Amino acid sequence: MRQLGHMREVWPGEPYPLGGTWDGVGTSFAVFSEVAERIELCLFHDDGSEERLDLPEVDGFVWHGYLPGIAPGQRYGYRVHGPYDPSRGYRSNPAKLLLDPYAKAIEGELRWNEAVFPYHFTDPAKINTVDSAPYMPKNVVINPFFEWGNDRSPRTPYHQTVIYEAHVRGLTMRHPSVPEEQRGTYAGIGHPAVIDHLLSLGVTAVELMPVHHFVPEHFLVARGLTNYWGYNTMAYLAPHGAYSSAGQRGEQVLEFKAMVRALHEAGIEVILDVVYNHTAEGDHMGPTLGFRGIDNSAYYRLHDGDRRYYLDYTGCGNSLNVRSPHALQLIMDSLRYWVLDMHVDGFRFDLAAALARELHDVDRLSAFFDLIQQDPVISQVKLIAEPWDVGPGGYQVGNFPPLWTEWNGKYRDSVRDFWRGTGSALPEFASRLAGSADLYASSGRRPVASINFVTCHDGFTLNDLVSYNRKHNEENGEENRDGTDDNRSWNCGAEGPVEDPEIVRLRHRQRRNFLTTLFLSQGVPMISHGDELGRTQRGNNNAYCQDNDISWVDWSLARTENGLLDFVRALSRLRREHPVFQRRRFFAGRTHEDNRRDLVWLTPAGAEMSAGDWHTGYAKSMGVYLNGEAITEPGPRGERIVDDSFLLLINAHHEDMTFTLPGAEFAASWVVVLDTNDDTPREDPYPDEQLAPGTQVEVTSRSIQVLRHPRRVV
C-alpha cells in the first residue's frame, strides 16, 4: 500500500473538538492518548492507497493537526506508537489501525483475521506486527449540516409516556409497505406506514436498541452467526453504518437525522439504548480495534495486580473505566452530541450499575451520576437505567438518583409470577400495580420512576411467555446453555405451538391479562416490538445472534392477530383518556372530604382487604378501586384533576370466581368496559349493562374485568 505522508501540508490545529471535524474548508483531527509517543493519521483513498501523516502537536495529551482540503467522505484511522507491555497495561502497537473514539461515521465491516489481534494465536506472548488495516472498517469525516426545519422534541411528560422498544432492523425487515431497499434501516423506521402503526398504538416514544456503531464477536462469526442486538459498541458518536439505506460515507448520519425528524413530526420521541459499560474489544484475548491501542488503561478497568487482565462487571470481557476523566469525557461528549446534533430525546443505559462503580461498590452518587445531574443538556432528557450488572451487589433496582427512571425488573418478575399462579404473589403484585412505592417513594421519586414491562428484547416474547416453560435456544449454537432459566413463564398445558382450542383460548387470555396489567399499572408502560401482533421467537429467549425471521417482526400477523392488535390499541386509548391510570404521585390511601379514598383493595366479596387477606398464600384474586374524584395532584394549569372511577376485578385463580361489587359508598352504578375473556374492550356499553352495588359478577378464571363509574358532573 502506497504511503504518501511527505506530500501533504499539516497545520497545528487545535486540541478541541476531539475527532475529525470538518469546518467547510478543511478538517481538524484530535485524539487523546497519554501513553503515545507519536500518532500517525492515516488517510485512505479510493484507489486503495494509505497516506500516513504525523499529528504535529500535543496539548494535555491530545494529539492534533489540521488538514486543509480534507472534506466529508474522507476515510481515516490512527496508528499509535508507544510502549507495549501488557503486564503493566500498555498495549500500543502501530501495526494496528485504530478507530477514532470520536468518529461520527464508520464505513465497512470488521473482517476477522489474526491481524486484528495484538498477539499470535500460536504464541500469545509474542506481539503481532502484521498490519490490520486491510481488515478494519474506517472512520469517515462527515458533513454536520442538516436541514432540521422547525424540528423540536415532543417532550411528552413521563406520566403520559408509552414506550415501544424496537430493533431498527428487526422491526421493518418484513414490513410489506416499506420499500425493500429501506427495510432494516433508519429510513424504514421513519416510513409513514411504521409511524402510523406506532401512532395507532398510542406510542409516544420509540426506544431503539443499540445504534452506536458495533461489531460482531469473533466466536459468533465463526459459527455463522452475528451480533444482532448490537450490544458490542466500538464508536459512541457514530450511527451504525449497516442500518443506512443510502450509504456509509456519512449518509448514515443524514438518514438517522431524517428518521428523528419524521418521528418528531408525528409527536414520537426517540430514546437510544446505549452501551457505555463495555466495548467490543473484549478481554485480554480480544482484538485491538481502537481504545485498547490508543490508551488501554485510560479507557478500561484493569486489575491492580497483573494489568494484563480486565475487570469485568458486564460479562462481556471488559468494563469502561468511568474513574478516568477521559473516559467520562467521552461518555458525556457522546451523550451531548446525540442530544444536540442528532436531536434524540433520551437514553436507556445498558447495565447502568456498571457505570456507577467506584472501586468495587455500586455508589448511587458516583462521578458519572454527579456529572449527569449538573449537565444542563443531558439532565433535561429522559434517563432510563437498566439497574443491574453482573458484578457483586449489581442488582440495584430502586437505588438510582431522583432524575432517573428504571427498568423495573421486580415489576416484570412479580407480574409474571402472579399470572402463572405462583402462591403468595398477591401482595407484591399489588405493589407493582400501584406504582412500586416501596422501591421509589423513600428517595423522593414518583411512580414514573418505574418503567414497567413484562417482556423486552432479552427473554421470551409475550406470545412465548404463555407458550413455553423452557427456553429453546438450540439455534444459537451453544447446546441450549445460553439464556436465562428463570423465565417465570407458563405454557398453559403444552410446550410450543398447539391446536387444542382450550389451550389456545387460555394463552390468548393470558396475553390480554399481561397487557391489561401493564397499561393499567401506575408508572410508564413499555411494550416490546411485535408483542401487539403475537410475535414468536419459537421459544428462543436469547435471540441476540439471530438476524433472521426468528427475531424479525412478522407483519403478516397483523391480519391473523388483528384481535390482539385492536385490543392493545383500545387498552392504550383507555389509559390515555383517563388520568387515574397516569398518576404523577403515589396513592395516599387517606380519606378525602367525600369520605372516599384514592385507592381501596377489596376481597372478591366486596369487603376491604384485611392484613389476614394479604397473607393468605393461596389468594389469587382481588378487587382494586381507583377513585377518579380523589386525584390529589394538580393539572398542568393548576386545576384539580377529576376522572371517572374504576374497579378492577382481577382473578388469577384457575377457576371462575364470583365477585360482589362494593357498596354504594364507592359508586351508584358500574359498567363493564373491558373483559380479558373477550377479544376486545367494549367502548360504548349499553345502559342496561349498568350494575348496581352488591351485584354479583362472574369473572372467568385467569382474567380481568374493568368496570367504570362516570364522574359526577358539578
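Residue numbering for the sequence shown follows the numbering used here, beginning at 1436 and increasing consecutively.
Glycine residues also receive a C-beta, built at the ideal position from the N, C-alpha and C atoms.
Fair warning: this is a prediction, and the values are worked out from it, not measured in the lab.
For residue i, report the span of its alpha helix (DSSP H) as first-last.
{"i": "residue 1846", "result": "1844-1855"}
{"i": "residue 1765", "result": "1760-1775"}
{"i": "residue 1947", "result": "1936-1955"}
{"i": "residue 1734", "result": "1726-1734"}
{"i": "residue 1897", "result": "1897-1900"}
{"i": "residue 2048", "result": "2046-2049"}
{"i": "residue 1863", "result": "1861-1868"}
{"i": "residue 1832", "result": "Note, residue 1832: premise wrong, no alpha helix (DSSP H); not H, not E."}
{"i": "residue 1605", "result": "1603-1607"}
{"i": "residue 1994", "result": "1992-1995"}
Closest to residue i by C-alpha separation, out of the options, would be which residue?
{"i": "residue 1386", "options": "1958, 1997, 2073, 2081", "result": "In the structure displayed, the chain extends from 1436 to 2149; residue 1386 sits before or after that span and is not available."}
{"i": "residue 1681", "options": "2014, 1751, 1692", "result": "1692"}
{"i": "residue 2010", "options": "2079, 1998, 1817, 1465", "result": "2079"}
{"i": "residue 1581", "options": "1696, 1508, 1509", "result": "1696"}
{"i": "residue 1987", "options": "1880, 2018, 1604, 1527", "result": "1604"}
{"i": "residue 1553", "options": "2042, 1545, 1676, 1564", "result": "1564"}
{"i": "residue 1497", "options": "1520, 1471, 1997, 1900", "result": "1471"}
{"i": "residue 1915", "options": "1978, 1713, 1541", "result": "1978"}
{"i": "residue 1493", "options": "1676, 1701, 1464", "result": "1464"}
{"i": "residue 1446", "options": "1480, 1499, 1487, 1467", "result": "1499"}
{"i": "residue 1842", "options": "1850, 1849, 1832, 1836", "result": "1832"}
{"i": "residue 1661", "options": "1545, 1588, 1559, 1694", "result": "1545"}
{"i": "residue 1891", "options": "1724, 1964, 1721", "result": "1964"}
{"i": "residue 2139", "options": "2071, 2055, 2128", "result": "2055"}
{"i": "residue 1473", "options": "1730, 1555, 1709", "result": "1730"}
{"i": "residue 1686", "options": "1541, 1889, 1630, 1815", "result": "1541"}
{"i": "residue 1770", "options": "1807, 1637, 1629, 2127", "result": "1807"}
{"i": "residue 1586", "options": "1779, 1786, 2087", "result": "1779"}
{"i": "residue 1612", "options": "2124, 1506, 1630, 1676", "result": "1630"}
Rounded to whole angstroms, how far is the Cβ of residue i from the Cβ of residue j, which I believe are closer than 8 Å?
{"i": "residue 2105", "j": "residue 2142", "result": "4 Å"}
{"i": "residue 1678", "j": "residue 1619", "result": "7 Å"}
{"i": "residue 1830", "j": "residue 1871", "result": "Not really, about 15 Å apart at Cβ, beyond 8 Å."}
{"i": "residue 1714", "j": "residue 1669", "result": "6 Å"}
{"i": "residue 1762", "j": "residue 1753", "result": "Rounded, the Cβ-Cβ distance is 12 Å, inconsistent with contact."}
{"i": "residue 1704", "j": "residue 1639", "result": "6 Å"}
{"i": "residue 1504", "j": "residue 1461", "result": "6 Å"}
{"i": "residue 1568", "j": "residue 1485", "result": "6 Å"}
{"i": "residue 1967", "j": "residue 2003", "result": "4 Å"}
{"i": "residue 1974", "j": "residue 1931", "result": "6 Å"}
Go ahead and pull the three-state DSSP assignment for residue i.
{"i": "residue 1535", "result": "coil"}
{"i": "residue 2121", "result": "Only weak support is given to the placement of residue 2121: the predicted model assigns it a pLDDT of 46, under 50, and the value that follows is read from those uncertain coordinates. DSSP places residue 2121 in coil when its eight states are reduced to three."}
{"i": "residue 1887", "result": "strand"}
{"i": "residue 1694", "result": "helix"}
{"i": "residue 2086", "result": "strand"}
{"i": "residue 2013", "result": "coil"}
{"i": "residue 2149", "result": "The pLDDT assigned to residue 2149 is 44, lower than 50, so where the model puts this residue is not dependable; a value taken from the coordinates is nonetheless given after this. Here residue 2149 sits in coil by DSSP."}
{"i": "residue 1875", "result": "helix"}
{"i": "residue 2054", "result": "coil"}
{"i": "residue 1574", "result": "strand"}
{"i": "residue 2033", "result": "coil"}
{"i": "residue 1745", "result": "strand"}
{"i": "residue 1455", "result": "strand"}
{"i": "residue 1979", "result": "helix"}
{"i": "residue 1778", "result": "coil"}
{"i": "residue 1540", "result": "coil"}
{"i": "residue 1557", "result": "coil"}
{"i": "residue 1522", "result": "helix"}
{"i": "residue 1470", "result": "coil"}
{"i": "residue 2001", "result": "helix"}
{"i": "residue 1494", "result": "strand"}
{"i": "residue 2023", "result": "coil"}
Could you check if residue i belongs to the surroundings of the ligand ZN, using beta carbon to heavy atom distance under 6 Å?
{"i": "residue 1903", "result": "Of the ligands one can find in the structure shown there are none, so the ligand ZN has no counterpart to examine."}
First and last residue of the beta strand (DSSP E) that includes residue i?
{"i": "residue 2131", "result": "2131-2134"}
{"i": "residue 1612", "result": "Unbroken run through residue 1612: none, as it is neither H nor E."}
{"i": "residue 1819", "result": "1817-1820"}
{"i": "residue 1962", "result": "1959-1963"}
Taking Cβ positions only, does residue i come closer than 7 Å to chain B?
{"i": "residue 1586", "result": "No chain B is present in this structure, which holds just one protein chain."}
If you scan the segment 1617-1679 from start to end, which runs of the beta strand (DSSP E) of 3 or more residues do you find wholly inside it? 1640-1643, 1647-1649, 1668-1674
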